[in-house]
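Peer 1: Before I ask anything, let me first share the structure, which is written out below as structure tokens.
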Amino acid sequence: MPHRSTAGTGLALALLSAVTFATSGTFARSLIDAGWSAEAVVVARVGLAALVLAVPAVLALRGRAGVLRRNLGPVTVFGLLGVATAQACFFNAVRYLPVGVALLLEYLGIILVVGWLWLVHGQRPRRLTVAGSLAALVGLVLVLDLTGTGRLDPVGVLWGLGAAVGLAGYFVLAARVDADLPSVTMASGGMAVGAAVLALLGLVGVLPLRATFGAVDFAGQRTSWLVPIVGLSLVAAVVAYLTGIAATRLLGARLSSFVGLTEVMFAVLIAWLVLGELPVPVQLAGGVLIVAGVALVRLDELRAGRTEQAAARTDEPALT
1 MPHRSTAGTG
11 LALALLSAVT
21 FATSGTFARS
31 LIDAGWSAEA
41 VVVARVGLAA
51 LVLAVPAVLA
61 LRGRAGVLRR
71 NLGPVTVFGL
81 LGVATAQACF
91 FNAVRYLPVG
101 VALLLEYLGI
111 ILVVGWLWLV
121 HGQRPRRLTV
131 AGSLAALVGL
141 VLVLDLTGTG
151 RLDPVGVLWG
161 LGAAVGLAGY
171 FVLAARVDAD
181 LPSVTMASGG
191 MAVGAAVLAL
201 LGLVGVLPLR
211 ATFGAVDFAG
221 QRTSWLVPIV
231 GLSLVAAVVA
241 YLTGIAATRL
251 LGARLSSFVG
261 LTEVMFAVLI
271 AWLVLGELPV
281 PVQLAGGVLI
291 VAGVALVRLD
301 ELRAGRTEQA
311 AARTDEPALT
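If you use the UniProt record's numbering, the sequence shown corresponds to residues 1 to 320, in order.
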């Protein structure tokens with residue numbers, strides 16, 4: 001259970017991660033509208049970010065190659081699930097489903113985290129956690145402002161559920177990797193694995209890889225394609241993944257995953273500020289519910305921490 005001071009730092013890092021992750025849609029839209037395939041955008045995003053972090057990742061190890069060797073398996077799985085699977089499945093789900101529906105399916109990964117911790121590790125969710133999860137998911141639905149009752153394509157639903165598995169893997173694996181492995185090394189390694197897998201799938205024809213290298217429309221201005229690429233790589237990947245992994249290590253998988261829900265709220269606000277897409281009142285109400293859900297989970301964590309501390313003091317032998 002995180003100490004109060006480290007929990008505060010973890011919450012700040014988790015919120016920063018959510019904000020920076022939320023910029024990815026705004027940056028990517030200009031590239032996709034210019035002819036890029038979604039898969040090419042993802043490869044560029046995480047591939048360049050992995051290169052940017054490669055030198056800091058090596059320096060952070062300071063010759064401790066053994067730490068990386070014993071964590072090659074977890075880092076590889078993190079790259080496959082938390083990076084490649086989550087992003088590739090989400091963008092493929094968007095091919096068949098409305099973006100809002102695909103994003104909602106992906107965020108079912110939050111429920112998978114709670115279920116995983118319960119079924120595999122025996123961490124049964126308490127009442128406040130259940131209440132927080134319900135409030136956050138209802139808020140998520142409101143923020144996405146889903147409309148229509150058309151039949152969902154089952155192929156798209158399967159892709160969306162695959163993205164949910166990837167998102168759950170991101171939170172669970174980031175919390176469980178060896179504490180001796182620096183966050184920057186894990187982020188760089190995971191993104192390198194993710195980029196390599198997606199690029200390989202593109203080369204064999206499973207995923208389309210298309211890119212153009214002219215001017216693009218971004219925030220109402222004509223600018224170089226490099227502007228959104230730099231934003232995607234440095235802001236929406238380097239900063240987002242580093243702060244997200246660090247936050248998960250401080251807060252644990254469950255709480256950090258719930259704070260990650262605020263990404264949707266931030267994405268709506270960023271789209272409003274940059275693209276002029278004004279959120280409707282129902283979306284604002286959803287944002288309030290998401291924050292309330294995170295607060296309930298946080299309160300539950302604090303209560304559990306106080307209970308454990310009290311139990312530990314009771315079990316301490318008396319001084320003579």
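Backbone N, C-alpha and C define an ideal beta-carbon position, used for all residues, glycine too. Predicted, not measured: the structure shown is a model, and the values here were computed from it.
1. What ranges does the alpha helix (DSSP H) occupy inside the UniProt domain "EamA" (156–297), keeping only unbroken runs of at least 4 residues that lie completely in it?
2. Indicate whether Ala285 and Val46 have their beta-carbon atoms separated by less than 9 Å.
3. In this structure, how does DSSP classify Gln123 when only helix, strand and coil are distinguished?
4. Alpha carbon to alpha carbon, how far is Leu61 from Leu13? Give it in angstroms, no decimals.
5. Quick one: complete alpha helix (DSSP H) runs, 4+ long, within the segment 53–131?
6. Please confirm whether Gly293 and Ala44 have their CB atoms less than 9 Å apart.
7. Across the segment 9–24 and the segment 235–244, are there enough close Cβ pairs to call them in contact, namely three or more that are closer than 8 Å?
8. What's the gap between the Cα of Ala34 and the Cα of Pro182?
9. What residue from Thr262, Leu273, Pro208, Trp272 has the CA that sits closest to Ala295's CA?
10. What separation, rounded to the nearest whole angstrom, lies between the Cα atoms of Thr212 and Leu158?
11. Got a sec, what are the start and stop residues for the alpha helix (DSSP H) Ala28 sits in?
12. What is the rounded straight-line gap between the Cα of Leu251 and the Cα of Gly260?
Peer 2: Once the coordinates are examined:
1. Runs found: 183–203, 226–230, 240–251, 253–259, 262–275.
2. With a cutoff of 9 Å on beta-carbon distance, Ala285 and Val46 are scored as not near each other.
3. Look at Gln123 here: in three-state DSSP terms it is coil, with no helix or strand label.
4. About 22 Å.
5. DSSP runs (the alpha helix (DSSP H)) wholly in the segment 53–131: 65–70, 72–78, 86–96, 99–106, 109–119.
6. No, they are not a contact pair.
7. Yes, they touch.
8. Taking the CA atoms as reference points, Ala34 sits about 37 Å from Pro182.
9. Minimum Cα distance to Ala295 is reached at Thr262.
10. Cα-Cα distance, rounded: 30 Å.
11. Residues 24–33.
12. So the two alpha carbons sit approximately 12 Å from each other.
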